[in-house]
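For the sequence shown, the numbering used here assigns the number 814 to the initial residue and increments by one for each residue that follows. One structure is given below, encoded as structure tokens.
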Amino acid sequence: VMLSCHLDMVAAGDPEEWEHPPFDGMIAGGYLHGRGAMDIKGPLAIQTHVAAALKGRAAGDIIVAHPVFEERGGWGMDHLTRPDGGLRPDVVIIGESTHGDIAIGHRGRCEVEIVAQGLAGHASAPDRARNALDLVPAILAGVRDLAARQQSDDVLGAASVVATGIDAVPASLNVIPDRATVTLDWRILPGDTVETLLARVREAIRPHLERMRAGGGVHGRAGAGNGPVTNAGRTGRPDGVEVRAATERQTAYTGIQEDRLILSPGFLMDPGDPIVTAAAQAIGTRNGNGSPARVRPWTFATDGGWTCGVRGIPTIGFAPGEERHAHTNTERLSLDEARWGYGRYLELVPAVQRAAGGP
């Protein structure tokens, strides 16, 4: 069994927006407060101590693996479980917060960039330039159309896509930008591929760009300097718009670098899988009435997309903490729930080892 929590965290933002300082590890009102309290340093500590406590008592090996870059596509777990020499456990337990439930999957996440190309110029002479930002309304209209026709899964719910950023280059406010990038956050279903996602975006924005061109520009003024872009520019496309998966050069703490797609795959375990059933029975409900734990998906993406969605390794999730506090300035971990979670982990690990075929 592999126990896994990621080492990286999201930024804390403005410390003044926090009731408790984000990096003081303050305990107040029965909670540990701060960035990483429940996503994910609290569960990471629990998993590590559980492995130590079960040494020599477990039904099989326990691997404690805390990889990097989970928040930006999961490079660490992808590398750790690579087919050529990586780890291949029988079961993975992800320590992302479930508030005592058993998580069996989630939607994936992919960042998509839509790059509009124009012709830069001085803001005092707009007729001698083509403003890349003029293409953005048509692009956003296409994204709204795309968002309205997302596919759905009975367990995971509907996929979703939303524009989360617009970046213009050059950034100087007295220059008409020749490039504008709209970034999409797409919560995808298992089985979606980058190629199919990009094709859907192109299909959605094409009619809006064509209508804009037919009207002579965003403002309908044929021949105006802020009209439709027709030069291929750096995109190499005649309509001046490129749709691509977002990439990022990432540097590990070892100094290794790699250009990575910002992609976290989705996954879904069968709720009736023996490993899921054994886990739910071992955890039980927090009220101690003897019922199995609730089985459900996470709302966010995890490294389970790599272990189960890509590598096919049975993967579940369990940890204390409420998902609604993740990535917020109210992040906290109940100490009572953490103690309870530690105790349940001592039952969970042997149970899933037996369910996976251990002695």
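Just so you know, even glycine gets a beta-carbon here, dropped at the ideal spot from N, CA and C.
Contact annotation, isoleucine 989 with alanine 942: C-beta distance approximately 4 Å; criterion of less than 8 Å satisfied. Shown here for alanine 1095: same chain residues with a beta carbon closer than 6 Å to its own, the five before and five after excluded, namely Glu1160, Leu1161, Ala1164 in chain order. Between methionine 890 and glycine 849, the gap from beta carbon to beta carbon reaches 7 Å or more. In the DSSP assignment, aspartate 998 falls within the beta strand (DSSP E) that extends over 992–1001. If only uninterrupted beta strand (DSSP E) runs of at least 3 residues are considered, those enclosed by the segment 834–884 are 844–846, 876–878. If you look at isoleucine 907, you'll find it in the beta strand (DSSP E) that goes 905–907. Counting the other CB atoms within 10 Å of its CB gives glycine 898 a total below 16, which places it among the exposed residues. With contacts defined as CB atoms closer than 7 Å, alanine 972 and isoleucine 1001 qualify as a contacting pair. With a threshold of 16 other beta carbon atoms within 10 Å, isoleucine 1088 meets it and is buried. Cα atoms of histidine 912 and valine 995: separation of roughly 35 Å, rounded to the nearest angstrom. Separation of valine 863 and alanine 872 (C-alpha to C-alpha, rounded to the nearest whole angstrom) is 14 Å. Beta-carbon to beta-carbon, alanine 1169 and aspartate 903 are separated by about 4 Å, close enough to satisfy the 8 Å threshold.
Inter-segment contact for the segment 1079–1088 and the segment 875–884 is absent: fewer than three beta-carbon pairs are separated by less than 8 Å. A check of alpha carbon separations from aspartate 998 across Ile979, Ser985, Asp991, Met815 identifies Ile979 as the nearest. With a contact defined as Cβ atoms closer than 8 Å, phenylalanine 1113 and alanine 1139 qualify at about 7 Å. Under a 10 Å Cβ-count criterion, leucine 986 is classified as exposed, with fewer than 16 other Cβ atoms of the shown protein chains found around its own Cβ. Around the beta carbon of aspartate 1005, a 10 Å sphere encloses 16 or more other beta carbons of the protein chains shown; the residue is thus reported as buried. Apart from the 5 residues on each side of it in sequence, tyrosine 1066 sits with its Cβ closer than 8 Å to the Cβ of Val881 in its chain, given in chain order. Cβ-Cβ separation between valine 974 and isoleucine 1126: approximately 28 Å, too far for a contact (criterion under 8 Å). Checking the DSSP bridge columns, you'll see arginine 943 partnered with Leu932. Counting C-beta pairs with one atom in each stretch, the segment 1134–1148 and the segment 1061–1078 have fewer than three that are closer than 8 Å, which means they do not touch. In this structure glycine 955 is in contact with histidine 1021, their Cβ atoms being roughly 5 Å apart against a cut-off of 8 Å.
7 Å or more divides the Cβ of glycine 1117 from the Cβ of serine 910. For the 7 Å CB-CB criterion, valine 928 and glutamate 1055 form a contact. Alanine 878 places its beta carbon 7 Å or farther from that of tryptophan 1111. For isoleucine 1129, the uninterrupted beta strand (DSSP E) run begins and ends at 1128–1130, by DSSP. If only uninterrupted beta strand (DSSP E) runs of at least 3 residues are considered, those enclosed by the segment 1068–1139 are 1070–1074, 1128–1130. Under DSSP, glutamate 1061 forms a beta bridge with Arg1073. With contacts defined by Cβ atoms closer than 7 Å, proline 1105 and glycine 921 do not form a contacting pair. If you compare the alpha carbons of Val814, His919, Leu946 with that of serine 965, the shortest gap goes to His919. Looking only at Pro834, Ala841, Ala825, the smallest Cα-Cα distance to aspartate 1149 is reached by Ala841. For the pair tryptophan 1153 and alanine 824, the Cα-to-Cα distance works out to about 28 Å.
Cβ-Cβ separation between leucine 1011 and valine 925: approximately 7 Å, consistent with a contact (criterion under 8 Å). The C-beta of lysine 868 has fewer than 16 other C-beta atoms within 10 Å across all chains shown, which makes the residue exposed.
Shown here, glycine 1171 sits in coil according to DSSP, grouped into three states, outside any helix or strand.
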